[in-house]
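S.K.: If you're matching positions, the first sequence starts at 1 in this note's numbering and goes up one per residue. Structure incoming, see below.
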Amino acid sequence: MICETPRVRFAPSPTGYLHVGGLRTALYNYLFAKKTGGTFLLRIEDTDRKRYVEGAIESLINSLKWCGIDYNEGPGKEGNVGPYLQSERLDIYKHHSLHLLEQGSAYYCFCTSERINILREQQEAAGTQPKYDKHCLTLSKKEAADRISNGENHVLRLNIPAGNKVVFDDIIRGKVEFSTDTIDDQILIKSDGYPTYHLANVIDDHLMNITHIIRGEEWLSSTPKHVLLYQSFGWEIPLFAHLPLLLNADRSKLSKRQGDVAVEDYRAKGFLKEALVNFVALLGWTAGDDKEYYSLEELVEAFSLERVNKAGAVFDLQKLSWLNAEHLRRNSTADITRMLKEELAESEYSSILFTDEYLNLVVDAMRERISFVHEILENSKYFFTAPDDYDEAAIKKRWTTESAMYLNKYAGELETLQCTSKEDYEHALHKCTDELGIKAAQIIHPLRVAVSGVGGGPGVYDIVFIIGKEETLRRIRRSIELISPSR
RNA sequence: GGCCCCAUCGUCUAGUGGUUAGGACAUAGCCCUUUCACGGCUGUAACAGGGGUUCAAAUCCCCUUGGGGUCACCA
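Right, dumping it as structure tokens:
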């Protein structure tokens, strides 16, 4: 064990999309494997046929792939301990469960769900913990066999001995102790012949040589059942690391009801995978220094399970957005332009052709002003279309009765020039203000309103240079027509 | 309710017996800037409470409180 290289797994059930909590679990497993030179495998826990969702496995794999988390073994990447879909391992579970039955660690149960429900109601009414009463434990082997061959519905239960303690060590939490008196005789094999999670995950983790079980804290309270199973099989118990939960703003377990939980949701909202991964990694782990910006490679380098926190962490969108901006700005102009073109293709401007050269200028003008690429479209429409209305507050603040006259003069000045550089626009403006004997601001601000329709944004000279002389003149004249009469 | 886990600024966290309790996001102010941002500086803001142990507790122990998870033929 000590000399073995670690083998870890991410074992989601295919009930929909990849949850960000799942992403974090997958990421920590991945980071741990990478860091230690171990193996990371993906196993699909699809033993619940009622919850199976078409396409969920593909979606899961796609989301992981998008995030840059790839597995060494799993669906589509067969190693030598497959198959990696539990639904394809039914014979294995059956085989091992027989062993449990023979040694008395498990027993057949024929109780109907009606009886179980009544039992539970009585226990709840009595204020005691709902637990199966081992009613079928006393059945003889012969009787059980007869009832099974008669086609009677049955399940297999784990026989939990009363009065014992189950103790295990958790890498993150230390020693955890449970009394067997509080543990129910868990169903191992359902009446449909499929194993429950508890049985399947223990058998698979053993057969797949998993050394470290890194999973969410919601599994902590069923871990003693798993420990008991390992002991019954006579198998070595892997190391456990139960990760703190990801929380809603109200500190309950992160749920769909209170916002987006799927990786796909964040992707669709324009978050960069680098930012999502970086953010989620920091939810429950730090290297201990002040570093907050990480690439995946840097995370691998810095990660350790020992530094994972115990307490749950609130998923804070504002900080995610900030990290997104940080990651976005470190992209090259060409890369951001590439992303902008994708946004453009799906926008109302999809039919207009913009050159890369033009878009590069737009990106350089906007990159310090955005957290998301799509904000270029939202916050600087004027690079893609002439303003069709003008911000009222900006007019009020910047447009005076003289503005039209000043802009007219500036337009006249521009017409005489070639306007090949940003400086040409600037010189022309200063020439006007000098002749007029006014301050530059008296033209600059109305000019900004005229060409952009809004009060903020990149430098005016940048804007007019990017949209060009003809367009600038057009917009100046149009603004004079539209704004001045109302003043 | 039983069992289990957890507890430092609003949020993410540093801190492993001696610190003016640090950083980041958010927030407020100032500077930079003929706009808006970026950036820089500054501020507001935390050890849940009570007992111990100790010369000394955010740090160790106990209790209380609070929060969360879990109690399925779901994972």
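Glycine residues also receive a C-beta, built at the ideal position from the N, C-alpha and C atoms.
1) Could you tell me which residues DSSP puts in a beta bridge with residue 212?
2) Just to confirm, is the Cβ distance from residue 453 to residue 389 under 8 Å?
3) Excluding the 5 residues flanking residue 1 on each side, which residues of the same chain have their C-beta closer than 6 Å to its C-beta?
4) Please state if the CB of residue 310 and the CB of residue 244 are separated by a distance shorter than 8 Å.
5) Could you check how far apart the C-beta atoms of residue 107 and residue 67 are, in whole angstroms? I think they sit under 8 Å.
6) Just to confirm before moving on: does the CB-CB distance between residue 157 and residue 116 stay below 8 Å?
7) Can you tell which of 12, 27 and 4 has its C-alpha closest to the C-alpha of residue 273?
8) Note down, one range per segment and in chain order, each alpha helix (DSSP H) of at least 4 residues found wholly within the stretch 268-329.
9) Who are the near neighbours of residue 161 in its chain, counting only those whose CB is closer than 8 Å to its CB and skipping five residues on each side?
10) Please classify residue 29: is it buried, with 16 or more other beta-carbons within 10 angstroms of its beta-carbon, or exposed?
11) On the premise that residue 247 lies in contact with residue 315, defined as a C-beta separation below 8 Å, what is that separation, rounded to the nearest angstrom?
12) Can you pull the DSSP bridge partners for residue 169?
13) Under 8 Å, with one C-beta from each stretch per pair, do the stretch 58-66 and the stretch 196-205 reach the 3-pair mark?
14) Here's the rule I'm using: 16 or more other beta-carbon atoms within 10 Å means buried, otherwise exposed. How should residue 353 be labelled?
15) Excluding sequence positions up to five away, which residues of its chain have a Cβ less than 7 Å from the Cβ of residue 219?
16) So for residue 249, helix, strand or coil by DSSP?
17) Is residue 420 helix, strand or coil when you go by DSSP?
18) Using 10 angstroms around the beta-carbon of residue 142, count the other beta-carbons present and answer buried if the total reaches 16, otherwise exposed.
19) Please state if the CB of residue 211 and the CB of residue 239 are separated by a distance shorter than 8 Å.
20) Reducing DSSP to helix, strand and coil, say where residue 188 ends up.
21) Where does the unbroken alpha helix (DSSP H) through residue 109 begin, and where does it stop?
22) Once the 5 residues before and after residue 473 are set aside, which same chain residues still bring their CB inside 8 Å of it?
23) Please report how far the alpha carbon of residue 280 lies from the alpha carbon of residue 109, in whole angstroms.
24) Taking the alpha-carbon of residue 407 as reference, which of 436, 147 and 366 has the nearest alpha-carbon?
25) Start and end of the alpha helix (DSSP H) containing residue 155?
M.R.: For this structure:
1) 8 and 239
2) yes
3) Note on residue 1: pLDDT 46, under 50, position unreliable in the model; no value is reported.
4) yes
5) Wrong, their Cβ atoms sit about 44 Å apart, outside the cutoff.
6) no
7) 27
8) 273-281, 296-302 and 317-329
9) 180
10) That one is buried.
11) 7 Å
12) 175
13) no
14) exposed
15) 242
16) Note: residue 249 maps to coil in three-state DSSP.
17) coil
18) With fewer than 16 other Cβ atoms within 10 Å, it is exposed.
19) yes
20) In the structure shown, residue 188 adopts extended strand secondary structure according to DSSP, grouped into three states.
21) No alpha helix (DSSP H) holds residue 109; the beta strand (DSSP E) holding it covers 106-109.
22) 411, 414 and 415
23) Straight-line Cα distance between these residues: approximately 43 Å.
24) 436
25) Here residue 155 belongs to no alpha helix (DSSP H); instead the beta strand (DSSP E) covers 155-158.
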